[in-house]
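The sequence shown begins at 9 in this note's numbering and counts up by one.
Working notes, structure below.
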Amino acid sequence: MSYQVLARKWRPRTFEQLVGQEHVLRALIHALDEDRLHHAFLFTGTRGVGKTTIARILAKSLNCEQGVSSQPCGECAACREIDEGRFVDLIEVDAASRTKVDETRELLDNVQYAPTRGRYKVYLIDEVHMFSNSSFNALLKTLEEPPPHVKFLLATTDPQKLPVTILSRCLQFNLRRLAPEWIRDYLQKILASEAIEAEAGALTLLAQAADGSMRDALSLLDQAIAYGGGKVPESDVRAMLGTIDRRHVLRLL
Numbered sequence: 009m010s011y012q013v014l015a016r017k018w019r020p021r022t023f024e025q026l027v028g029q030e031h032v033l034r035a036l037i038h039a040l041d042e043d044r045l046h047h048a049f050l051f052t053g054t055r056g057v058g059k060t061t062i063a064r065i066l067a068k069s070l071n072c073e074q075g076v077s078s079q080p081c082g083e084c085a086a087c088r089e090i091d092e093g094r095f096v097d098l099i100e101v102d103a104a105s106r107t108k109v110d111e112t113r114e115l116l117d118n119v120q121y122a123p124t125r126g127r128y129k130v131y132l133i134d135e136v137h138m139f140s141n142s143s144f145n146a147l148l149k150t151l152e153e154p155p156p157h158v159k160f161l162l163a164t165t166d167p168q169k170l171p172v173t174i175l176s177r178c179l180q181f182n183l184r185r186l187a188p189e190w191i192r193d194y195l196q197k198i199l200a201s202e203a204i205e206a207e208a209g210a211l212t213l214l215a216q217a218a219d220g221s222m223r224d225a226l227s228l229l230d231q232a233i234a235y236g237g238g239k240v241p242e243s244d245v246r247a248m249l250g251t252i253d254r255r256h257v258l259r260l261l
């Protein structure tokens, strides 16, 4: 079996598995459990803090065959197919590669049609700020009069580039950078499950280097495991990151 990078292997499948972002999760969980669902959600924040992960879990919550819930079963065909990235009614779009208005119009023309299998047809548009002005206008028309069977989940690292007319039609959630101690504890949990030895100081260094991004932290951890030959000692992580041991600095002083 081919190696699966940690960021993919350990991607959260439920809201409970997410690290941090409680202010976002609380609002989404209440909306789902009380059936107060907006037609458009906008997730903003720096890279690797959980925007698309939360959006996928939300899509699963909306389409779980057991009913709309903040706790999708994870076992039905819809849940499994969303986890595997092959659910026909979850349309994931990378706006950076769809800057032409004709492509956007073609995509949105299909909004009027009912879902093929799911309860909702969900459009997950990543890096939505990359749309052209014409594409934004096409999206705006749909957001103004959305069909009841459609939900839009938008994600961006640069919300300042979105037109006010788009922003005003979305529920906005700003995801924060993760605290280093949260990242460190999560890395520790992963390494324990993977049966990989690591020094506490190494994990602290990796958590600090990730700059609030869990995805970056997991990528750095993958790199550190390879660098250390299956182990994660602090000295190897320092060498990999190019950092200086504070004890050496103190000796010089």
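Heads up, the beta-carbon is just placed ideally off N, CA and C, and yes, glycines get one too.
The alpha helix (DSSP H) enclosing residue i, as first and last residue numbers
i	result
A15	14-17
T60	59-71
A35	30-41
T112	109-117
S243	242-249
E89	85-91
Residue range of the beta strand (DSSP E) that includes residue i
i	result
D134	129-134
E100	98-102
L50	48-52
Simplified DSSP assignment, three categories, for residue i
i	result
Q25	helix
F139	coil
F160	strand
T262	The requested residue 262 is not part of the displayed model; the chain covers only 9 to 261.
A206	strand
F144	helix
V76	coil
T165	coil
L151	helix
S105	helix
Y11	coil
P20	coil
Cβ pair residue i, residue j closer than 8 Å
i	j	result
E100	A86	no
A232	M248	yes
V245	A210	yes
R177	L151	yes
A163	F51	yes
G58	Q29	yes
L36	L66	yes
L228	A217	yes
R223	T54	no
L103	F49	It should be noted that the sequence gives Ala, not Leu, for residue 103. In this structure, F49 does not lie closer than 8 Å to A103 by Cβ.
D97	R125	yes
T221	G56	According to the sequence shown, residue 221 is Ser rather than Thr. Yes. Within cutoff.
E189	V240	no
L179	H46	yes
C-beta neighbour in chain B for residue i, strict 8 Å
i	result
I65	Among the chains in the structure shown there is no chain B, since it carries only a single protein chain.
inquiry  = Within 8 Å, do at least three Cβ pairs link the segment 131-138 to the segment 21-28?
reply    = When Cβ pairs closer than 8 Å are counted between the two stretches, the segment 21-28 is seen not to touch the segment 131-138, the count staying below three.
request  = Ignoring anything shorter than 4 residues or poking outside the segment 176-232, list the alpha helix (DSSP H) runs there in chain order.
outcome  = Considered as a whole, the segment 176-232 harbours 188-202, 208-217 as its complete alpha helix (DSSP H) runs of no fewer than 4 residues, in chain order.
inquiry  = Within 8 Å, do at least three Cβ pairs link the segment 193-205 to the segment 152-169?
reply    = Too few Cβ pairs lie closer than 8 Å, so no.
task = Say whether the segment 53-73 touches the segment 116-133, bearing in mind that this needs 3 or more beta-carbon pairs closer than 8 Å, one atom from each stretch.
result = Judged by Cβ distances under 8 Å, the segment 53-73 makes contact with the segment 116-133, as three or more pairs qualify.
request  = Inspect the CB distances between the segment 198-210 and the segment 107-114 and report whether three or more fall short of 8 Å.
outcome  = Contact fails: fewer than three Cβ-Cβ distances are below 8 Å.
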